[in-house]
Structures are given as structure tokens and as C-alpha cells.
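Please read the structure below before turning to the comments.
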Amino acid sequence: MNYELFIAKRIIAAKQDKSSVSSPIIKIAIAAIALGVIIMMIAIATGVGLQKKIKEKISGFNGHVQISNYEENNSKITINPLSLTQDFYPNFTDVDGIKNVQSYASKGGIIRTDTDFEGVVLKGVNRDYDWSFFQTYLIEGSILNLNDEMSNEVLISKLTANRLGLKLGDTFNTFFVKDDPSKAPNARKFSIVGIFNSGFQEFDENYIIGDIKQIQRLNKWTPDQVGGFEVLLEDFDELKTKGDEIYSSVPSTLNAVTIAEKYPTIFEWLSLFDNNIIVIIGIMVLIAGINMITALLVLILERTQMIGILKALGNSNWSIRKIFLYNATYLIAIGLIVGNIIGIGILLAQKYFGIIQLNPETYYVSQAPVYLNVQYIIALNVGTLVLCLLMLLVPSYIVSKISPVKAIKFD
Numbered sequence: 018m019n020y021e022l023f024i025a026k027r028i029i030a031a032k033q034d035k036s037s038v039s040s041p042i043i044k045i046a047i048a049a050i051a052l053g054v055i056i057m058m059i060a061i062a063t064g065v066g067l068q069k070k071i072k073e074k075i076s077g078f079n080g081h082v083q084i085s086n087y088e089e090n091n092s093k094i095t096i097n098p099l100s101l102t103q104d105f106y107p108n109f110t111d112v113d114g115i116k117n118v119q120s121y122a123s124k125g126g127i128i129r130t131d132t133d134f135e136g137v138v139l140k141g142v143n144r145d146y147d148w149s150f151f152q153t154y155l156i157e158g159s160i161l162n163l164n165d166e167m168s169n170e171v172l173i174s175k176l177t178a179n180r181l182g183l184k185l186g187d188t189f190n191t192f193f194v195k196d197d198p199s200k201a202p203n204a205r206k207f208s209i210v211g212i213f214n215s216g217f218q219e220f221d222e223n224y225i226i227g228d229i230k231q232i233q234r235l236n237k238w239t240p241d242q243v244g245g246f247e248v249l250l251e252d253f254d255e256l257k258t259k260g261d262e263i264y265s266s267v268p269s270t271l272n273a274v275t276i277a278e279k280y281p282t283i284f285e286w287l288s289l290f291d292n293n294i295i296v297i298i299g300i301m302v303l304i305a306g307i308n309m310i311t312a313l314l315v316l317i318l319e320r321t322q323m324i325g326i327l328k329a330l331g332n333s334n335w336s337i338r339k340i341f342l343y344n345a346t347y348l349i350a351i352g353l354i355v356g357n358i359i360g361i362g363i364l365l366a367q368k369y370f371g372i373i374q375l376n377p378e379t380y381y382v383s384q385a386p387v388y389l390n391v392q393y394i395i396a397l398n399v400g401t402l403v404l405c406l407l408m409l410l411v412p413s414y415i416v417s418k419i420s421p422v423k424a425i426k427f428d
């Protein structure tokens, strides 16, 4: 039998006097731990969730790695095309962890209706395109059905459709400027077959998705010429490593750029969330630890006579310290359980009901995203428990300073 654990259980099971000094202090300590767990859990789930959601949306519009020509003149409207005949297309055999390689081409244009106009980028895609991203955010209609014939169908964002007063099934004219501005622009009529809403305003207001053959015709390209390739990875966390491998594998005339390199400002902003989460966790653990130290000292003070008796009976200082550490562990566990129940409840409510809304112009999402991971939750609880107990080792040393004779007389 674990003697110290037995005594600790007896102390825990004993009915506390309502007028006891330790009762409110213990409740405050438990509440502090519970609140700390709730805040830490929310910080991790929303911080990581926001990072993942924004990365998912950026890669949905751009792929994880883009392969294109080196362009010396970025002011050109028509870029130099690439040939579809590449060693890495359609299967990237030199690098593992590749989910898909898809060809694309983009061209800027202006949508013109009877009352409004809007500048957009027509992104042309091929039959090799992975539609999983747009299927997730498609709110009306369907994705494009591409075949050998050139299609006039396009996907348009809800934001652009609302600005121009367009709806599913409508047609609109789009004008594409030529390299020679003195010449009349090319006009194309497109039909809306699907409307998507990713919530990423920066991309939603700029992109429409259509058939790559439209751009090939506008640029007078052959069917085997494209603007570039998008590479989708199986694991986003390997973006830097795989990006370097892809860059080394493509011909020297081509450039391979990761989305982190293409949008450095956004990714630098996202990296700040890691620092925020670490700071929040540190502060919450410190607050919980200080409250538990206070509670432990009060418990020792209230049990001074018991400590004197146990010492008189021959108990060692470490044995008595273990009794109070077991007691503290029990209190910490209660705080963790309460905090987990409330914290997970709040996060599930946010995940399924979207209670907290965000400004998409600032956060790139319309509501606070939530990422729940069992490993994160377990690590958070274990880490909080261990750190709090380590903080309690020093104050528990006060037990060794208590004299048995004075402790028995203590009142």
C-alpha cells in the first residue's frame, strides 16, 4: 500500500469546515487552473485553426509550389508559355510526397455588365485540376466539366457576383487587353455554372476559374502550352523541404516558388500566432502555479498539527511532502477536468455554429476557425500538471522546517 497516497485520500475525503480558511482559497486555485486550461485550449485551437485555414485557402488558389518561367519583364500582359512535355508532368517521380501536378494559365481582364465593371484574373485550368478545394467552398451550382472542346463555363466568387449583380446561370462579357494597347481588347462571353465563397476576400474578389483553352486561344498558344504548373503536397508541414527538392529537380530554365515565398507577408503574420500561443500558455501556467502554491501553503498551515504528529511517529520530511503533493495533484486534476469540459464545449460550439465572427479583410476568414486535436489536448493537460507540480516542490519544502514539538502545540 502507498502510505502517503492513503493519507492524502483521507484528507481529501474528510469533510471541510465551511468556515475553513482553505476552502475558498482551494476553490480559487481550482478555478484558476480551469480558466487557464480554457484560455490555453482556445488559444491553441483557434490559433492553429486560423493558420491551417488560411494556408489551405492560399494553396487552394495557388497550389503549394508553382513552377513557371523566369520572367524578366513583369509588366508584360502575356507571359512566355511552358510546354506540357516535362519530366515532372503528369507525375513528379523525382520527389515523393506529391499529391498532384496540375497545369494552369492566368490572364487579367475586366468583367463588364450593363451597370458595373470589375477587374479580375481568369485562371484557366485543365482536366488534371484537383477540384477538392472548390468543392468544399462551392455554395451554388457545380464545378467545371472540362473536355476536348473549349468551354465558356466559369466559377465565380459570391463576392464578385454580388458586386456585379450576377447569379447562377447568368452570362457576362469579359475584356482582355492585348500587349499592344493601341489594339482593341479581346472580348469573351462566359456563363456562370458555379459560385464559390472561400471567405478569403483577397482571392475571392480577384479570381474567376475557367477553361485553360480560353487563355491558350487569347494568347495564341498551342494546346500543349501552359502558363505554369501547380504542385500539391500531401503534407503542408513539409512545404519548405519539398519546395527545395522541387526547385532542384526542375530544369534550370524554370523557377519553383512555394506559396510561403510568394506571399511572405501573410506567412510572417501567421508565424506570429505561434509566439502569441507560447506567451499565453506561459502566463496561464504561471498564474495557475502561483494559485496552487498559495493553496498548498494554506493546506500545510491548516495541517500543521498533523504534520507534527506524523513527524513524531517517525515519518520523513519527504514522505509528508508527498502527502501534500498528492493532495495538490487531486486539486489540479479537478481544475483540468472542469477546464477541459468547458473549453472543449466552447470550441465545439464555435466549430459547428460559428458564434464568433471575424472581419475577412483583416483575418482572411469570416469566422474564427477551430482545430481540435487529441494530441494537443493531451499534451496541454500533461504539461500543465507536470509544470504545476514542479512549481510546488519548492514550497512543499516548508514541511521540513516544521518542528514536531511546536507543531503539536500549534493552534
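In this text, residue positions in the sequence shown follow our numbering: the first is 18, and each later residue adds one. Quick reminder that beta carbons are idealized off the backbone N, C-alpha and C, glycines included.
Would you give the residue range spanned by the alpha helix (DSSP H) that residue 220 belongs to? Translated into the one-based positions of the sequence shown, residue 220 becomes position 203. Start and end: 218-221.
Short of 6 angstroms in beta carbon distance, which residues of its chain neighbour residue 74, apart from the five on each side in sequence? Order them along the chain. Along the sequence shown, read from residue 1 onward, the residue named residue 74 stands at position 57. Closer than 6 angstroms at Cβ, skipping near neighbours: 215, 217.
First and last residue of the alpha helix (DSSP H) that includes residue 101? Counting from one through the sequence shown, the residue named residue 101 turns up at place 84. No alpha helix (DSSP H) contains residue 101, which DSSP labels as neither H nor E.
Helix, strand or coil at residue 144 [DSSP, three-state]: The residue you call residue 144 lines up with position 127 of the sequence shown. DSSP places residue 144 in coil when its eight states are reduced to three.
Apart from the five residues just before and just after residue 257, which ones in its own chain have a Cβ nearer than 8 angstroms to its Cβ? Residue 257 sits at position 240 when you count from the first residue of the sequence shown. Only 275, 277 meet the Cβ criterion.
Would you mind working out which of 394, 151, 229 sits nearest residue 139, comparing C-alpha positions? Looking up residue 139 in the sequence shown gives position 122. Checking every option, the nearest Cα to that of residue 139 belongs to 229.
Indicate whether the contact test is met: 3 or more Cβ pairs, each with one atom in the region 307-316 and one in the region 407-419, closer than 8 angstroms. yes
When every heavy atom of the ligand ADP is checked, does at least one fall within less than 6 angstroms of the C-beta of residue 303? As far as ligands go, the structure on display features none, and thus does not contain the ligand ADP.
How about residue 148 and residue 156: do their beta carbons lie closer than 7 angstroms? Residue numbering aside, residue 148 sits at position 131 when the sequence shown is read from its first letter. Residue numbering aside, residue 156 sits at position 139 when the sequence shown is read from its first letter. No; because the gap between Cβ atoms is not below 7 angstroms, this pair is not in contact.
Cβ distance (whole Å) where residue 66 is taken to contact residue 386 below 8 angstroms: Locating residue 66 in the sequence shown gives position 49, where the first residue counts as 1. Locating residue 386 in the sequence shown gives position 369, where the first residue counts as 1. Yes, residue 66 and residue 386 are in contact; Cβ-Cβ is about 4 angstroms, under 8 angstroms.
How big is the Cα-Cα spacing for residue 298 and residue 356? Taking the first residue of the sequence shown as 1, we reach residue 298 at position 281. Taking the first residue of the sequence shown as 1, we reach residue 356 at position 339. Distance between the alpha carbons of residue 298 and residue 356 is about 14 angstroms.
Same chain, Cβ closer than 6 angstroms to residue 338, five either side skipped, listed in chain order: If you number the sequence shown from 1, residue 338 lands on position 321. Taken in chain order, the residues that qualify are 413, 416.
Span of the alpha helix (DSSP H) holding residue 250? Here residue 250 corresponds to residue number 233 of the sequence shown, with the count starting at 1. No alpha helix (DSSP H) holds residue 250; the beta strand (DSSP E) holding it covers 245-250.
DSSP three-state call for residue 124: helix, strand or coil? Stepping through the sequence shown from its first residue, residue 124 is reached at position 107. Strand, per DSSP.
Within the same chain, show all residues whose beta-carbon is closer than 8 angstroms to that of residue 304, passing over the 5 residues directly before and after it, in chain order. In the sequence shown, the residue the question calls residue 304 occupies position 287. Answer for residue 304: 49, 53, listed in chain order.
Using three-state DSSP, classify residue 159 as helix, strand or coil. Indexing the sequence shown from 1 puts residue 159 at position 142. Residue 159: coil per DSSP, three-state reduction.
For a cutoff of 7 angstroms on Cβ pairs, would you count residue 101 as touching chain B? No chain B is part of this structure, which consists of one protein chain only.
If we count the other Cβ atoms within 10 Å of its Cβ and call it buried at 16 or more, is residue 98 buried or exposed? Counted from its first residue, the sequence shown places residue 98 at position 81. Result: buried.
Can you tell me whether residue 376 is helix, strand or coil according to DSSP? If you number the sequence shown from 1, residue 376 lands on position 359. It is coil, neither helix nor strand.
Alpha carbon to alpha carbon, what distance is there between residue 224 and residue 172? Numbered from its first residue, the sequence shown carries residue 172 at position 155. Numbered from its first residue, the sequence shown carries residue 224 at position 207. Using only the alpha carbons, I get a separation of about 9 angstroms.
Rounded separation between residue 253 and residue 61 - CA only: Mapped onto the sequence shown, residue 253 falls at position 236. Mapped onto the sequence shown, residue 61 falls at position 44. Whole-angstrom Cα-Cα distance: 18 angstroms.
Taking the alpha-carbon positions, what's the residue 63 to residue 290 distance? For this step, residue 63 is matched to residue 46 along the sequence shown. For this step, residue 290 is matched to residue 273 along the sequence shown. Cα to Cα, the separation comes out at about 10 angstroms.
Give a yes or no on contact between the region 397-409 and the region 335-351, applying the rule of three or more CB pairs nearer than 8 angstroms. yes
From residue 392 to residue 359, what distance separates their C-alpha atoms? Numbered from its first residue, the sequence shown carries residue 392 at position 375. Numbered from its first residue, the sequence shown carries residue 359 at position 342. If I take the Cα positions, the gap works out to 18 angstroms.
Which one or two residues does DSSP pair with residue 224 in a beta bridge? Within the sequence shown, residue 224 is the residue found at index 207, counting from 1. Paired residues: 138.
Taking just the CA atoms, how far does residue 178 sit from residue 362? Looking up residue 362 in the sequence shown gives position 345. Looking up residue 178 in the sequence shown gives position 161. Near 37 angstroms, if we compare the C-alpha coordinates of residue 178 and residue 362.
Spatial distance of residue 186 from residue 158 (CA atoms): The residue given as residue 186 occupies position 169 in the sequence shown. The residue given as residue 158 occupies position 141 in the sequence shown. Answer to the nearest angstrom: the Cα atoms are 9 angstroms apart.
On the CB-based measure, 16 or more other CB atoms within 10 Å of its CB, does residue 397 come out buried or exposed? If you number the sequence shown from 1, residue 397 lands on position 380. Classification of residue 397: buried, given that the 10 Å Cβ count is 16 or more.
Is the beta carbon of residue 201 less than 7 angstroms from the beta carbon of residue 84? One-based indexing of the sequence shown puts residue 201 at position 184. One-based indexing of the sequence shown puts residue 84 at position 67. No, they are not a contact pair.
In three-state DSSP terms, what is residue 320? As a first step, residue 320 must be located in the sequence shown, where it is residue number 303. In this structure, residue 320 counts as coil in the three-state DSSP scheme.
Pull up the DSSP beta-bridge partners for residue 272, would you. Position 255 of the sequence shown, counted from the start, is the residue given in the question as residue 272. Answer is 85, bridged to residue 272.
My output table needs one value for residue 419: the three-state DSSP class, helix, strand or coil. In the sequence shown, counting from the first residue as 1, residue 419 sits at position 402. Reduced to three states, the DSSP call for residue 419 is coil.
Integer Cβ distance of residue 183 from residue 189, believed to fall under 8 angstroms: In the sequence shown, residue 183 corresponds to position 166, counting from 1. In the sequence shown, residue 189 corresponds to position 172, counting from 1. With a Cβ gap of about 6 angstroms, residue 183 and residue 189 count as contacting.
Alpha carbon of residue 227 to alpha carbon of residue 117, nearest angstrom: Stepping through the sequence shown from its first residue, residue 227 is reached at position 210. Stepping through the sequence shown from its first residue, residue 117 is reached at position 100. Answer to the nearest angstrom: the Cα atoms are 19 angstroms apart.
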